[in-house]
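The structure appears below as structure tokens.
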Amino acid sequence: MKEIPGAPLPTMNALRVFEATARHLHFTRAAEELELQQSAVSRYIADLEVALGTPLFERGHRSVTLTAAGEIYHRAVATGLERIASGVRTVADLSEAQRVMVACGPTTSHLFVMPLFSALSRTLGEDVCLRILSMDPDMLWRLDDGEADLVLFFERTEGGSGDWVTVFREAIAPVCSPGFAAAHGEVLARPAGQWGSLPFLRLDRTPQGWSTWHDWFESAGYPDRTPDYTGLGDYLYLLEAAVAGAGLALGWRHFIERHLDAGTLVMAAGGYVETGRCLFGRLTERGRPWPAARRCLEAFGGLVGEETAHG
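If you count the sequence shown from 1, you need to add 846 to reach our numbering.
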């Protein structure tokens, strides 16, 4: 067999070990999930770091954290494994069950779709098998219509095929940990224009269609001095940093509800600001002919009582 050009690829086992360790941020838990010895997990990770020439984890006494390189590698590996798993599922025989493949970004999948997965499945019925394809948000705009039946993304593209629904209208607000709110209560009680001394959290790269701090400042007022921003590569990590008290995070209403309900995050000021953007659902060419895919689209449109059909 002709050799694939470029650097040798890690084994599937090594990638699975890395993904589990990065997800749990714990060698022992990854070992338990994969039914391996912890020493085997450590060896796989060490071999990966040698092969890549860079550390993937910062080792602590009881846990580990991802390095910047580790975060990048985790997103790539998690997306790759999900795509492989999706391909396997696509060609697998599902008997008489109907499959609906929904593609969306990892933040939308983790914070919005998965908490509602059981409700969606009940709405669709036992004869429909619902699958989620999590991928980089910017890849959704280049997704081949044959890869999924339904796509969820912020902001509507023009010229797409299929039918559309508005899943929810985007509304944003600054949030922080209760400890951060207590420590900076005097400043937070002032107008946002006087928040320049506070630490802010933001994404290193804003996914296409997402709002930014500037959208919120347009409504609440710009700080009198440019804030110090800490950039993170993933919105899930950004929320965890906010929970840990690292600074103010921009919260999307339907992404932060569980944190607000649990009390791990609190509103830093006022209410939500609507941006005019939306999370849309769109049927692809592959999904358009199938009644199950259309039922799924309608279910997404009614999840938060803001259904708006297009086409």
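Virtual Cβ for every residue (Gly too), placed ideally from N, Cα, C.
Just so you know, these numbers come straight off a predicted model, no measurement behind them.
Own chain partners of V959 with C-beta closer than 8 Å, once the 5 adjacent residues on each side are dropped
As a first step, residue 959 must be located in the sequence shown, where it is residue number 113. These residues qualify, in order along the chain: V948, C950, L966, I978, L998.
Can we say the segment 1069 to 1086 touches the segment 978 to 993, given the rule of at least three CB pairs closer than 8 Å?
no
Please confirm whether L912 and A868 have their CB atoms less than 8 Å apart.
In the sequence shown, the residue the question calls residue 912 occupies position 66. In the sequence shown, the residue the question calls residue 868 occupies position 22. Taking 8 Å as the cut-off, the beta carbon of L912 is found closer than this to the beta carbon of A868.
CA-CA distance, M985 and F1014?
The residue you call residue 985 lines up with position 139 of the sequence shown. The residue you call residue 1014 lines up with position 168 of the sequence shown. Their Cα atoms are separated by approximately 21 Å.
Give the C-beta separation of V896 and A876 to the nearest angstrom, bearing in mind that I take them to be a contact with Cβ-Cβ under 8 Å.
Reading the sequence shown from its first residue, position 50 is the one you call residue 896. Reading the sequence shown from its first residue, position 30 is the one you call residue 876. Between A876 and V896 the Cβ distance is about 19 Å, and since that is not below 8 Å, they are no contact.
Identify every run of the alpha helix (DSSP H) within the segment 895 to 974, keeping only runs that are complete inside it and at least 4 residues long; order them along the chain.
914 to 937, 963 to 970
Would you mind giving the Cβ-Cβ distance between Q944 and A1138, rounded to the nearest angstrom? I have them listed as a contact below 8 Å.
The residue given as residue 944 occupies position 98 in the sequence shown. The residue given as residue 1138 occupies position 292 in the sequence shown. The pair is a contact, with the Cβ atoms about 4 Å apart (cut-off 8 Å).
Just the C-alpha distance for G1006 and R1128, rounded to the nearest angstrom, thanks.
Within the sequence shown, residue 1006 is the residue found at index 160, counting from 1. Within the sequence shown, residue 1128 is the residue found at index 282, counting from 1. Because the pLDDT of G1006 is 46, which lies under 50, any placement of that residue in the model is unreliable, and the number read from its coordinates should be weighed accordingly. Taking the straight line joining both Cα atoms gives about 8 Å.
According to the neighbour-count rule (16 or more other Cβ atoms, all chains shown, within 10 Å of its Cβ), is P952 buried or exposed?
Within the sequence shown, numbered from 1, the residue matching residue 952 stands at position 106. Buried.
Please list the segments of the alpha helix (DSSP H) lying wholly inside the segment 1041 to 1103, counting only runs of 4 or more residues, in order along the chain.
You should have 1059 to 1066, 1081 to 1089.
Expressed to the nearest angstrom, what Euclidean distance is found between the alpha-carbon atoms of L1106 and V1112?
Position 260 of the sequence shown, counting from 1, holds the residue named residue 1106. Position 266 of the sequence shown, counting from 1, holds the residue named residue 1112. Those two C-alpha atoms are separated by around 6 Å.
Quick check: what's the CA-CA separation for F1146 versus V1011?
Taking the first residue of the sequence shown as 1, we reach residue 1146 at position 300. Taking the first residue of the sequence shown as 1, we reach residue 1011 at position 165. Rounded to whole angstroms, the gap between the alpha carbons of F1146 and V1011 is 8 Å.
Residues bridged to F1014 [DSSP beta-bridge criterion]
Against the sequence shown, residue 1014 aligns to sequence position 168. Answer by DSSP bridge pairing, in chain order: L1125.
Suppose contacts are defined by Cβ-Cβ distances below 8 Å. Is G1055 in contact with E1001 by that definition?
For the purposes of this step, residue 1055 is taken as residue 209 along the sequence shown, with counting starting at 1. For the purposes of this step, residue 1001 is taken as residue 155 along the sequence shown, with counting starting at 1. A contact, by the Cβ cut-off of 8 Å.
Where V1150 falls: helix, strand or coil (DSSP):
The residue labelled residue 1150 in the question sits at position 304 within the sequence shown. Note: V1150 maps to coil in three-state DSSP.
Cβ pair P1045, P983 closer than 8 Å
Start at 1 with the first residue of the sequence shown, and residue 1045 comes out as number 199. Start at 1 with the first residue of the sequence shown, and residue 983 comes out as number 137. Not in contact: P1045 and P983 (Cβ atoms no closer than 8 Å).
For V1033 and A1095, which I take to be in contact (beta-carbon distance under 8 Å), what is that distance rounded to the nearest angstrom?
Numbered from 1 along the sequence shown, position 187 holds the residue referred to as residue 1033. Numbered from 1 along the sequence shown, position 249 holds the residue referred to as residue 1095. Not a contact, Cβ separation roughly 16 Å.
Secondary structure of P1020, DSSP reduced to three states
In the sequence shown, the residue the question calls residue 1020 occupies position 174. P1020 falls in the strand class under three-state DSSP.
Is the beta carbon of E865 sitting closer than 8 Å to the one on H920?
For the purposes of this step, residue 865 is taken as residue 19 along the sequence shown, with counting starting at 1. For the purposes of this step, residue 920 is taken as residue 74 along the sequence shown, with counting starting at 1. Yes, the pair counts as a contact, with Cβ atoms nearer than the cut-off.
Identity of the residues DSSP links to I978 by a beta bridge:
Looking up residue 978 in the sequence shown gives position 132. Bridge partners of I978: V948.
Would you tell me roughly how many angstroms separate the C-alpha atoms of A1090 and T1110, rounded to the nearest one?
On the sequence shown, position 244 is the one that residue 1090 refers to. On the sequence shown, position 264 is the one that residue 1110 refers to. If I take the Cα positions, the gap works out to 9 Å.
Under the three-state DSSP convention, the category L998 falls into:
Numbered from 1 along the sequence shown, position 152 holds the residue referred to as residue 998. L998: strand per DSSP, three-state reduction.
So for G1006, helix, strand or coil by DSSP?
The residue labelled residue 1006 in the question sits at position 160 within the sequence shown. Any reading at G1006 must be qualified, since the residue scores a pLDDT of 46, below 50, and its modelled position is unreliable; the value itself is stated next. Coil at G1006, not helix or strand.
If you count every other CB in all the chains shown that lies within 10 Å of the CB of H1030, and 16 or more means buried, which is it?
The residue given as residue 1030 occupies position 184 in the sequence shown. Answer is buried; the Cβ neighbour count reaches 16.
Whose CA, out of E904, G1093, I1102, A1114, lies closest to the CA of P961?
Working through the sequence shown from its first residue, we reach residue 961 at position 115. The candidate whose alpha carbon is nearest that of P961 is I1102.
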